[in-house]
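Asker: If you're matching them up, the sequences are chains A and B in order. Per our numbering, the first sequence runs over residues 1 to 114. Per our numbering, the second sequence runs over residues 1 to 115.
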Amino acid sequence: EAGVAQSPRYKIIEKRQSVAFWCNPISGHATLYWYQQILGQGPKLLIQFQNNGVVDDSQLPKDRFSAERLKGVDSTLKIQPAKLEDSAVYLCASSPPWGDSPLHFGNGTRLTVT
Amino acid sequence: AQSVTQPDIHITVSEGASLELRCNYSYGATPYLFWYVQSPGQGLQLLLKYFSGDTLVQGIKGFEAEFKRSQSSFNLRKPSVHWSDAAEYFCAVGGYTGTASKLTFGTGTRLQVTL
Numbered sequence: 001e002a003g004v005a006q007s008p009r010y011k012i013i014e015k016r017q018s019v020a021f022w023c024n025p026i027s028g029h030a031t032l033y034w035y036q037q038i039l040g041q042g043p044k045l046l047i048q049f050q051n052n053g054v055v056d057d058s059q060l061p062k063d064r065f066s067a068e069r070l071k072g073v074d075s076t077l078k079i080q081p082a083k084l085e086d087s088a089v090y091l092c093a094s095s096p097p098w099g100d101s102p103l104h105f106g107n108g109t110r111l112t113v114t
Numbered sequence: 001a002q003s004v005t006q007p008d009i010h011i012t013v014s015e016g017a018s019l020e021l022r023c024n025y026s027y028g029a030t031p032y033l034f035w036y037v038q039s040p041g042q043g044l045q046l047l048l049k050y051f052s053g054d055t056l057v058q059g060i061k062g063f064e065a066e067f068k069r070s071q072s073s074f075n076l077r078k079p080s081v082h083w084s085d086a087a088e089y090f091c092a093v094g095g096y097t098g099t100a101s102k103l104t105f106g107t108g109t110r111l112q113v114t115l
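1) Can you find a C-beta in chain B that's less than 9 Å from the C-beta of R110 (chain A)?
2) Could you give the first and the last residue of the continuous beta strand (DSSP E) run that contains S95 (chain A)?
3) What are the residues in the segment 30 to 49 of chain B lying within 9 Å of chain A by C-beta distance?
4) Going by beta-carbon coordinates alone, are E88 (chain B) and T114 (chain B) separated by less than 9 Å?
5) With a cut-off of 9 Å, does the C-beta of Q112 (chain B) fall near any C-beta of chain A?
6) Which residues, in chain order, does the segment 43 to 59 of chain A contribute to contact with chain B at a C-beta distance below 8 Å?
7) Going by DSSP, what residues sit across from V113 (chain A) in a beta bridge?
8) Return the residue from the list A:P96, A:W22, A:K83 that minimises the CA-CA distance to T112 (chain A).
9) Could you tell me if A17 (chain B) is buried or exposed, where buried requires 16 or more neighbouring beta carbons within 10 angstroms of its beta carbon?
10) Helix, strand or coil: which one does DSSP assign to E68 (chain A)?
11) Residues in the same chain with beta-carbon distance under 6 Å from A20 (chain A), minus the five sequence neighbours each way, listed in chain order, please.
12) Secondary structure at K61 (chain B), three-state DSSP: helix, strand or coil?
13) For chain A, is any of its Cβ atoms less than 9 Å away from the one on G108 (chain B)?
14) Would you say Q6 (chain B) reaches chain A, if we count a Cβ-Cβ gap shorter than 9 Å as a contact?
15) Could you name the residues of the same chain whose beta carbon sits closer than 6 Å to that of F65 (chain A), not counting the 5 residues immediately before and after it, in chain order?
16) What three-state label does DSSP hand Q41 (chain A) in the structure shown?
17) Quick test of the definition: if touching needs 3 or more C-beta pairs under 8 Å, does the segment 48 to 68 of chain B touch the segment 3 to 18 of chain B?
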């Protein structure tokens with residue numbers, strides 16, 4: 001099966017600019033996750049979708065981050081305006097909707113904010 | 001709240017030596033436990049998972065892990081390490097909320113393998 005696709009792989013922007021990341025999950029996976037992984041740390045959940053509804057966005061900095069999953073398939077994560085501390089790898093993952101299923105991760109987008 | 005502690009930030013082992021990476025978790029019910037591996041510039045790949053049943057689980061690449069409820073631990077082991085095992089290893093704990101799985105990761109252990 002095709003894996004989780006993410007683009008772009010790398011992005012460099014200046015602070016206060018905006019940026020968007022795209023994710024296409026594995027076909028049939030109802031649950032989609034966006035994680036932020038800062039260098040030297042484990043992934044931190046930003047937002048979790050079940051189909052096109054938000055399950056958990058408690059750790060999403062909503063003043064600058066937004067995400068959507070229209071039609072319950074692809075998703076985009078946006079940062080506007082970016083700060084230096086947003087430099088990180090943004091990982092998208094998907095899983096089937098039942099509990100005993102692991103997450104499948106994409107290769108991530110590495111964001112550098114200068 | 002669920003949490004994971006990986007006490008070893010960096011471990012170095014010789015090729016052919018045995019390996020044990022430690023993981024302790026906090027979770028209010030019976031947890032789902034995972035080990036993922038991440039090579040540089042790559043996403044996370046699942047090594048193994050524990051949901052229920054036999055507390056010793058086998059994974060890919062010759063890895064295994066043992067769930068010990070009394071110690072809240074899920075340590076990863078490999079009897080003989082290969083140079084290609086050098087990577088970052090993440091332990092994760094999760095549960096099913098009734099609508100979807102929720103996964104929390106540890107901070108990772110970087111494994112270096114010397115020849």
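A virtual CB, placed ideally from N, CA and C, is assigned to each residue, including glycine. The structure displayed is predicted, hence computed values, not measured ones.
Answerer: Checking against the coordinates, here is how it stands:
1) Taking the first sequence and counting its residues from 1, one reaches residue 110 (chain A) at position 110. Chain B contact via Cβ: present.
2) Sequence index remark: in the first sequence, residue 95 (chain A) carries index 95 (1-based). Here the beta strand (DSSP E) through S95 (chain A) covers 88 to 95.
3) Answer set for the segment 30 to 49 of chain B: Y32, F34, Y36, Q38, G41, Q42, G43, L44, Q45, L46, K49.
4) Looking up residue 88 (chain B) in the second sequence gives position 88. Looking up residue 114 (chain B) in the second sequence gives position 114. It is not a contact, given that the beta carbons lie outside the stated cut-off.
5) Position 112 of the second sequence, counted from the start, is the residue given in the question as residue 112 (chain B). No, no contact with chain A.
6) So the close ones are P43, K44, L45, Q48, Q50, V55, D56.
7) Your numbering for residue 113 (chain A) matches position 113 in the first sequence. V113 (chain A) pairs with A:I13.
8) Residue numbering aside, residue 112 (chain A) sits at position 112 when the first sequence is read from its first letter. Looking at the Cα atoms, A:K83 is the closest of the given residues.
9) The residue labelled residue 17 (chain B) in the question sits at position 17 within the second sequence. With fewer than 16 other Cβ atoms within 10 Å, it is exposed.
10) Locating residue 68 (chain A) in the first sequence gives position 68, where the first residue counts as 1. E68 (chain A) carries a strand assignment under DSSP once its states are collapsed to helix, strand and coil.
11) Here the question's residue 20 (chain A) lines up with position 20 in the first sequence. The beta carbon of A20 (chain A) sits closer than 6 Å to those of T76, K78, all from its chain and outside the five residues before and after it, given in chain order.
12) Taking the second sequence and counting its residues from 1, one reaches residue 61 (chain B) at position 61. It is helical.
13) As a working mapping, residue 108 (chain B) is identified with position 108 in the second sequence. Taking Cβ atoms only, chain A reaches closer than 9 Å to G108 (chain B), which makes this a yes.
14) In the second sequence, the residue the question calls residue 6 (chain B) occupies position 6. Flagged as an interface residue toward chain A: Q6 (chain B), by a C-beta distance shorter than 9 Å.
15) Here residue 65 (chain A) is taken as the residue at index 65 of the first sequence, counted from 1. Contacts found: I79.
16) Looking up residue 41 (chain A) in the first sequence gives position 41. If DSSP states are grouped into helix, strand and coil, Q41 (chain A) belongs with coil.
17) No, they do not touch.
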